[in-house]
Amino acid sequence: MPERLVLWDIDGTLVRAGKVASEIFATAVEHVLQRHPGEHGVVMSGKTDPQIALEILAGMGLDATDGEHHLPLVVERLESELAG
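Going by our numbering, the sequence shown opens with residue 140, and the numbers climb by one from there.
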């Protein structure tokens with residue numbers, strides 16, 4: 140019998156992400172790069188925070204190397220923003 144994995148999306152964040160999540164990412168990116176990403180249009184549902192951050196950074200014109208360079212600081216700031 141094949142193995143089965145069941146994920147419980149208790150708060151719905153794996154399936155959908157709202158405006159607040161987008162604003163928090165924008166704030167974290169702006170803090171690190173000193174410029175706002177604008178309306179980035181990145182679909183956040185079902186993605187990890189680092190993946191979302193890299194897509195936002197790429198949308199701002201950063202290449203993969205620069206994105207990976209800034210990623211730890213963006214994720215750190217994102218965690219700080221989420222902690223309140």
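Where is the CB? At the ideal position from N, CA and C, for every residue including glycine.
Since we're looking at a predicted model, the values are computed, not measured.
* Sequence-distant residues of its chain with Cβ nearer than 7 Å to V171 (five each side left out) -> Here residue 171 refers to the residue found at position 32 when the sequence shown is read from its first residue. Sequence-distant Cβ neighbours of V171 in its own chain, meaning closer than 7 Å and more than five residues away, are H209, L212, V213, R216.
* What did DSSP end up calling P176 once you bin it into helix, strand or coil? -> Locating residue 176 in the sequence shown gives position 37, where the first residue counts as 1. In this structure, P176 counts as coil in the three-state DSSP scheme.
* To do: Figure out for me which residue from P141, F164, Q173, H175 has the closest Cα to the Cα of T187.
  => In the sequence shown, residue 187 corresponds to position 48, counting from 1. The residue with the shortest Cα to Cα distance from T187 is F164.
* C-beta contact flag for T166 and E220 at 9 Å -> The count along the sequence shown starts at 1 and reaches residue 166 at position 27. The count along the sequence shown starts at 1 and reaches residue 220 at position 81. It is a contact, given that the beta carbons lie within the stated cut-off.
* Under three-state DSSP, which class holds K186? -> The sequence position of residue 186 within the sequence shown is 47, counting from 1. In the structure shown, K186 sits in coil (DSSP, three-state: anything other than H, G, I, E or B).
* In this structure, does DSSP put G122 in helix, strand or coil? -> No information on residue 122 is available, as it lies outside the stretch 140 to 223 that the chain covers here.
* Asked: What three-state label does DSSP hand P141 in the structure shown?
  -> Position 2 of the sequence shown, counted from the first residue, corresponds to residue 141. Assignment of P141 by DSSP, reduced to helix, strand and coil, places it in the coil class.
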